[in-house]
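Enquirer: Letter by letter, the sequence shown follows residues 0 to 490 of numbering that gives the first Met the number 0. Glycine included, each C-beta is placed from N, C-alpha and C at the ideal position. Just so we're clear, the structure is a prediction, and the values are computed from it rather than from any experiment.
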Amino acid sequence: MSKQLPEGFLWGGATADFQYEGGFGEGGRGDLSHDYETNGSLENPRHHTMKLADGKIISPKSSFIDAEDVPEDAVPIYLDSQYYPSHKAVDFYHHYKEDIKLMAGMDFNVFRFSIAWSRIFPTGEEKEPNEEGLQFYDNVIDELAKYNMQPLITICHDEMPMNLAVKYNGWANRKLIEFYLKFAKVLFKRYGDRVKYWLTFNEINAVRGFGPTGVRKSHGLDRYQAAHNMFVASAQAVIAGHEMMPNSMFGAMYALSAFYPATSKPEDIFHNMQQNKENWYFVDTMGRGYYPSFADEVLKRHGVLGGLSDIKMNPDDKEILEKGQLDYIAFSYYRSATSKAGDKFVNVGGNDNPYLEKTPWGWGVDPLGLRYTMNLIYDRIQKPIFIVENGMGAIDKADENGYVEDDYRIDYLQKHLSAMADAINIDKVPCIGYTMWAPIDLVSLSTGEMKKRYGFVYVDMDDLGNGSLKRTPKKSYKWMKHIIETNGAAL
Ligand code: BGP
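Next comes the structure, spelled out in structure tokens:
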């Protein structure tokens, strides 16, 4: 079966402002929760560290730390004498013309990026937006237009202005809906004439962004109250967006690893169905416009014993969710994992699958899992899908010119894109496009380091932010250009 994709398929790359942009403290940018994000490792003190009441300094191992694991008395300390992941990242802020030209060199026709909320509203509470911040993204969008590349804008990629995190404790507070909607409408008004595709949230099922450290919560009322507030914010943005931009299309993005039952034991298969409901809770509510029948069951599993009746809702929330349901379902896919009876319920991760090779970070490499996930989502929601993150984090070794022979990345992508083409051409799953994470090397979210590289283009910078920032195409750069210019036929 041909791998050639339908005419108009969108091929591109995906990034996130705090991992890519830099420009910290420039152009009126306020502090973001991810400037304090608990990334990092003790051996790499540049990452977000926290001070305990007794003065002890801790540096949580990763941004995937759960709020429950952060000591009550911990407060983020802001070692501005040290390099933080989001402060310089790889400086897209000053390199955007060069980077967009490099992406155009691969025949990209779409580029996914997020708007740093605190560039537009530094504290989140201002009445008027920051013009310098708006101007930066105007420049990016206009530069993309020079190469006929469509913007795919993520309104909120896990973060928020630090002030909102500290003052309101993030999304657990319904006030965030009002702040978010003000932010979104400013974007629609300013960019709506040039932007068709929007994502209201990144990986909303991870529910990140609590308190000053941006940690996530995997259990408890806060998590699911925050999720509800985000559902309402997303739906209201979709409603407003459709009114202000009649041709716009809205998705939200979900972290979707494929979960398989660890064995054919009925208990494992049943548990796996329950495990998948952890994510369908989010996909169904926003993709169909109402909470699924099993919502109470998921909530009770996570300590919300009264189910949906424990979640604070306004009388018109139900109608808002229905009217503001998504136009398409976007997701990130990196790996698959297994689950078995008795396992803790998680929204990503799961157990090792012994049948899969692993990346250096232990992520199971499973191209067929991508085709499987595409089918699962489409069968469930019957709306187009959009793969907005997929890629391989690897330890790239550059030669003296910065060139990397990344055959392993070509292999990973070839297999995943081939599986994607089968889902589209054989299984008839409608897919709007594919944006690879991440076209230009940038800072890893879970480690806060440069070591874990994804790009088609190598960036000369180390884990402590030292380097020339020189960009050098890797071997995969030319390979991807050929795949795109044949619209997949060369897969
Ligand atoms: C997803 C995030 C991206 C990106 C990706 C890769 O969860 O949406 O921001 O970071 O993970 O993960 P990492 O950077 O940890 O390798």
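Is the beta carbon of A205 within less than 8 Å of some heavy atom of ligand 1?
Expert: Yes - ligand 1 has a heavy atom lying nearer than 8 Å to the Cβ of A205.
Enquirer: Report, in whole angstroms, the separation of the C-beta atoms of W116 and F182, which I expect to be a contact under 8 Å.
Expert: With a Cβ gap of about 6 Å, W116 and F182 count as contacting.
Enquirer: Under 8 Å: does the beta carbon of G12 sit that close to some heavy atom of ligand 1?
Expert: G12 Cβ: outside cutoff for every heavy atom of ligand 1.
Enquirer: Taking only three categories from DSSP, how would you classify K473?
Expert: Residue state, collapsed to three classes: coil.
Enquirer: Check whether the Cβ of G392 lies closer than 8 Å to any heavy atom of ligand 1, and answer yes or no.
Expert: Yes - ligand 1 has a heavy atom lying nearer than 8 Å to the Cβ of G392.
Enquirer: Given that a residue counts as buried once 16 or more other Cβ atoms are within 10 Å of its Cβ, and exposed if not, what is E242?
Expert: So E242 ends up on the exposed side.
Enquirer: Taking DSSP as the reference, what is the three-state secondary structure of S40?
Expert: Caution applies to S40, whose pLDDT of 38 falls short of 50 and renders its modelled position unreliable; the value that the coordinates give is listed next. Of the three classes helix, strand and coil, the one that applies to S40 here is strand, per DSSP.
Enquirer: Just checking my contact of V231 with D309 at CB under 8 Å: how many whole Å lie between their CB atoms?
Expert: V231 to D309, Cβ: 16 Å. No contact.
Enquirer: Taking the beta carbon of K473 as the centre, do at least 16 other beta carbons fall within 10 Å, making it buried, or is it exposed?
Expert: It counts as buried.
Enquirer: On the DSSP letters alone, give me the boundaries of the alpha helix (DSSP H) that V231 sits inside.
Expert: Taken as a continuous stretch (DSSP letters only), the alpha helix (DSSP H) holding V231 covers 219 to 243.
Enquirer: So what does P260 bridge to, in DSSP terms?
Expert: DSSP output for P260 lists S338 as bridge partner(s).
Enquirer: Who are the Cβ neighbours of D426 in its own chain at under 6 Å, not counting the five residues just before and after it?
Expert: The answer, listed in chain order, is N374.
Enquirer: Helix, strand or coil for M248, going by three-state DSSP, please let me know.
Expert: Strand at M248.
Enquirer: Taking all protein chains shown into account, do 16 or more other C-beta atoms lie within 10 angstroms of the C-beta of E20, making it buried, or fewer, making it exposed?
Expert: Label assigned to E20: buried.
Enquirer: What I want to know is whether the C-beta of T446 ends up closer than 8 Å to one or more non-hydrogen atoms of ligand 1.
Expert: T446 Cβ: within cutoff of ligand 1.
Enquirer: What whole-angstrom Cβ distance do G487 and L412 have, given they're in contact under 8 Å?
Expert: Actually they are not in contact, since the Cβ atoms of G487 and L412 sit about 12 Å apart, beyond 8 Å.
Enquirer: Flag this pair as yes or no: are the beta carbons of W170 and N228 separated by less than 9 Å?
Expert: Yes, these two residues count as a Cβ contact at 9 Å.
Enquirer: Measuring straight from C-alpha to C-alpha, what distance separates S113 and P265?
Expert: Taking the straight line joining both Cα atoms gives about 42 Å.
Enquirer: Under 8 Å: do the stretch 273 to 293 and the stretch 320 to 331 share three or more Cβ pairs, one atom per stretch?
Expert: Cβ pair count under 8 Å is three or more, so yes.
Enquirer: Note the first and the last residue of the continuous beta strand (DSSP E) segment covering W197.
Expert: Note, W197: beta strand (DSSP E), 196 to 200.
Enquirer: Which residue marks the beginning of the beta strand (DSSP E) containing I152, and which one marks its end?
Expert: Residues 149 to 155.
Enquirer: Quick check on N147: buried or exposed, where buried means 16 or more other Cβ atoms within 10 Å of its Cβ?
Expert: Exposed is the call here.
Enquirer: Is L468 near V89, with beta carbons less than 9 Å apart?
Expert: In this structure, V89 lies closer than 9 Å to L468 by Cβ.
Enquirer: Look at the alpha carbon of N204 and the alpha carbon of G132, and state the distance between them as a whole number of angstroms.
Expert: So the alpha carbons of these two residues sit roughly 28 Å apart.
Enquirer: Can you check which of these residues, K166, I99, E97, N108, is closest to T122 by C-alpha distance?
Expert: For T122, the nearest C-alpha among the options comes from K166.
Enquirer: Using a Cβ-Cβ cutoff of less than 7 Å, which residues in the same chain neighbour N251 once the five nearest sequence positions on both sides are dropped?
Expert: The question names Asn, but residue 251 in the sequence shown is Ala. These residues qualify, in order along the chain: L198, T199, F200, I203, S233, M285, L325, A329.
Enquirer: Could you work out which residue in K343, P314, L367 is closest to Y332 when comparing CA atoms only?
Expert: When each option's Cα is compared against that of Y332, the closest is L367.
Enquirer: Let's test the definition: count the other Cβ atoms within 10 Å of the Cβ of L490 and tell me whether it reaches 16, buried, or not, exposed.
Expert: Buried, since its Cβ has 16 or more Cβ neighbours within 10 Å.
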